[in-house]
Amino acid sequence: MTETYKRAVFVAPGQIRFDELPIPKPGPGQALVKVRACALCTWEQRMYTGEEHYYPLAGGHEVSGVLVEVGPFTYLDAQVGDRVMASTLTRCGYCESCRRGLDNICDNARKPFRETDVPGPAGLAEYVLLDDYQVYKADNGVSFEAIALTEPLACVVRSVRKARVERADNVVVIGAGVMGMFHLVLTKQIGARVIVSEINPERAAFAKKMGADAVIDPTQAPFAEQVKALTRGRGADVIFCAMSVASAVEQAMEAVAKGGRVHVYASIHPRGTKISIDPNLFHSKEIVLTGTMSQDKEDVLQAVRMISEGLIDLKPFISLVLPFERLEEGLQAALRPDTYRVIVTM
Ligand SMILES: [Zn+2]
Ligand SMILES: [Zn+2]
Numbered sequence: 236m237t238e239t240y241k242r243a244v245f246v247a248p249g250q251i252r253f254d255e256l257p258i259p260k261p262g263p264g265q266a267l268v269k270v271r272a273c274a275l276c277t278w279e280q281r282m283y284t285g286e287e288h289y290y291p292l293a294g295g296h297e298v299s300g301v302l303v304e305v306g307p308f309t310y311l312d313a314q315v316g317d318r319v320m321a322s323t324l325t326r327c328g329y330c331e332s333c334r335r336g337l338d339n340i341c342d343n344a345r346k347p348f349r350e351t352d353v354p355g356p357a358g359l360a361e362y363v364l365l366d367d368y369q370v371y372k373a374d375n376g377v378s379f380e381a382i383a384l385t386e387p388l389a390c391v392v393r394s395v396r397k398a399r400v401e402r403a404d405n406v407v408v409i410g411a412g413v414m415g416m417f418h419l420v421l422t423k424q425i426g427a428r429v430i431v432s433e434i435n436p437e438r439a440a441f442a443k444k445m446g447a448d449a450v451i452d453p454t455q456a457p458f459a460e461q462v463k464a465l466t467r468g469r470g471a472d473v474i475f476c477a478m479s480v481a482s483a484v485e486q487a488m489e490a491v492a493k494g495g496r497v498h499v500y501a502s503i504h505p506r507g508t509k510i511s512i513d514p515n516l517f518h519s520k521e522i523v524l525t526g527t528m529s530q531d532k533e534d535v536l537q538a539v540r541m542i543s544e545g546l547i548d549l550k551p552f553i554s555l556v557l558p559f560e561r562l563e564e565g566l567q568a569a570l571r572p573d574t575y576r577v578i579v580t581m
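Going by our numbering, the sequence shown opens with residue 236, and the numbers climb by one from there.
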């Protein structure tokens, strides 16, 4: 009798199917991970509400677990029994983007790399089959919940690295969701002065508690005016847009200092929304408008090391932990503004 495992699949807005599948055997260059925790990212939340819809989809990309089986010709730094982070993002290694050091936006990232009945990262499951390069050893003393947050942390590691934040820079983070808060923590570690922009009073208070030097509410007075008042009239050196609203990028362009960077971290919704910018801002103020998506291999390594070495405390960002069977309840909780990360455990 073959042993089976459970996997969740998004099939329609508000509908999740649980499949029962035979546990796969890792082939050459592959490893099998028994999933222990999977965090519910905004992407999964959007799949659940139907705001994004590529059905059917095997979601779950913020994954931690135990390495249980290694295929032939598979070389890992982790041993069977070790706690690992599963980086479910695929990186082909041979497309031009991968070869130019942009494996976070691999040209083949959305194509299937192995026979599968349902596309997707498939981390919302009791087991996940990975290629060797997707397995990152974590410290065995760290909780599976914390290790599951490696992926979102790695995204922010990349964002902060690419935005070239320096000590004593004035940084603004727009949006005090979990991603905004990771930007706050990482830029504070560098030694920046961080202003958080947030409308929701509970989230604003949380940002203050997490170390924000100032918190502003953009509905109270024009955003650029408030930022300038807090930066000797100069504007911010770096502004991170960590919310999905296009107008935040326009506002950031008005509030950034000469030579500063506006960094679009979050995807903008609805997709295809356009913004309007005075191009003279680039000319006369030498402003850079840029962004990042996902994380490359080095970003994942940095994030997993930070978590393993205790260089970041992730407990404040874990709002709720539920068993895998209660996934739907978890997604509903994750959608509420008073929660940060919700995690399901297997
Ligand atoms: Zn994520
Ligand atoms: Zn590639």
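Every residue gets a Cβ at the ideal spot worked out from N, C-alpha and C, and that includes glycine.
Small disclaimer: the values here were computed from a predicted structure and weren't measured.
Leaving out five residues before and five after Cys483 in sequence, what residues of the same chain have Cβ atoms less than 6 Å from its Cβ?
As a position in the sequence shown, residue 483 is number 248, starting the count at 1. It is Ala, not Cys, that sits at residue 483 in the sequence shown. Cβ neighbours of Ala483 beyond the five flanking positions: Ile409, Cys476.
How many Å lie between Thr525 and Cys390 at the Cα?
Walking along the sequence shown from the start, residue 525 turns up at place 290. Walking along the sequence shown from the start, residue 390 turns up at place 155. Those two C-alpha atoms are separated by around 15 Å.
How many Å lie between Val310 and Asn375 at the Cα?
Here the question's residue 310 lines up with position 75 in the sequence shown. Here the question's residue 375 lines up with position 140 in the sequence shown. The displayed chain sequence assigns Tyr, not Val, to residue 310. One C-alpha to the other measures close to 19 Å.
Which class does Asn339 belong to by DSSP, given the choice of helix, strand or coil?
In the sequence shown, residue 339 corresponds to position 104, counting from 1. Of the three classes helix, strand and coil, the one that applies to Asn339 here is helix, per DSSP.
Check the C-beta distance from Glu279 over to Leu557 and give it rounded, since I have them as a contact under 8 Å.
Position 44 of the sequence shown holds residue 279. Position 322 of the sequence shown holds residue 557. With a Cβ gap of about 14 Å, Glu279 and Leu557 do not count as contacting.
For the alpha helix (DSSP H) containing Cys333, name the first residue and the last one.
To locate residue 333, count along the sequence shown from 1; it is residue 98. Counting along the chain, the alpha helix (DSSP H) containing Cys333 begins and ends at 331-334.
Which residue comes first and which comes last in the alpha helix (DSSP H) that contains Leu549?
Within the sequence shown, numbered from 1, the residue matching residue 549 stands at position 314. Taken as a continuous stretch (DSSP letters only), Leu549 belongs to no alpha helix (DSSP H), as it is neither H nor E.
I want to check one thing, is the minimum distance from the CB of Ser332 to the heavy atoms of ligand 2 below 8 Å?
On the sequence shown, position 97 is the one that residue 332 refers to. Ser332 Cβ: within cutoff of ligand 2.
Tell me whether Cys390 counts as near ligand 2, meaning its Cβ is closer than 8 Å to at least one heavy atom of that ligand.
Here residue 390 corresponds to residue number 155 of the sequence shown, with the count starting at 1. Because no heavy atom of ligand 2 lies under 8 Å away, the Cβ of Cys390 does not count as near it: no.
Could you compute how far the alpha carbon of Arg345 sits from the alpha carbon of Cys327?
Position 110 of the sequence shown, counting from 1, holds the residue named residue 345. Position 92 of the sequence shown, counting from 1, holds the residue named residue 327. Using only the alpha carbons, I get a separation of about 10 Å.
Hey, would you say Ser479 sits closer than 9 Å to Thr277, going by beta carbons?
Looking up residue 479 in the sequence shown gives position 244. Looking up residue 277 in the sequence shown gives position 42. Contact flag set, yes.
Under the rule that 16 or more other beta-carbon atoms within 10 Å means buried, what is Asn515, buried or exposed?
Walking along the sequence shown from the start, residue 515 turns up at place 280. Asn515 comes out exposed.
Which of the three DSSP states is assigned to His518 in this structure?
As a first step, residue 518 must be located in the sequence shown, where it is residue number 283. Correct three-state label for His518: helix.
From which residue to which residue does the alpha helix (DSSP H) around Met541 run?
To locate residue 541, count along the sequence shown from 1; it is residue 306. Taken as a continuous stretch (DSSP letters only), the alpha helix (DSSP H) holding Met541 covers 532-543.
Can you determine whether any heavy atom of ligand 4 sits closer than 8 Å to the C-beta of Glu297, and answer yes or no?
With respect to ligand 4, the structure shown offers nothing to examine, as its ligands consist of ligand 1 and ligand 2.
Over what stretch of residues does the alpha helix (DSSP H) that includes Leu562 continue unbroken?
What you label residue 562 is simply residue 327 of the sequence shown in a count that begins at 1. 562-569 is the extent of the alpha helix (DSSP H) around Leu562.
May I ask you to list the residues that DSSP assigns as paired with Lys372?
Residue numbering aside, residue 372 sits at position 137 when the sequence shown is read from its first letter. Val319.
Check Phe441 in the structure and name its three-state DSSP category.
In the sequence shown, counting from the first residue as 1, residue 441 sits at position 206. Three-state DSSP puts Phe441 in a helix.
So, under 8 Å CB-CB, Ala383 and Val298 are touching, yes? Tell me the CB distance rounded to an integer number of Å.
As a first step, residue 383 is located in the sequence shown; it is residue number 148 there, counting from the start. As a first step, residue 298 is located in the sequence shown; it is residue number 63 there, counting from the start. With 8 Å as the limit, Ala383 and Val298 qualify as a contact, their Cβ atoms being about 6 Å apart.
Mark His518 as exposed unless 16 or more other C-beta atoms lie within 10 angstroms of its C-beta, in which case mark it buried.
Mapped onto the sequence shown, residue 518 falls at position 283. Counting Cβ neighbours within 10 Å, His518 comes out exposed, since fewer than 16 surround it.
Tell me whether Arg467 is buried or exposed, calling it buried when 16 or more other Cβ atoms sit within 10 Å of its Cβ.
By one-based count along the sequence shown, residue 467 stands at place 232. The residue is exposed, with fewer than 16 neighbouring Cβ atoms inside 10 Å.
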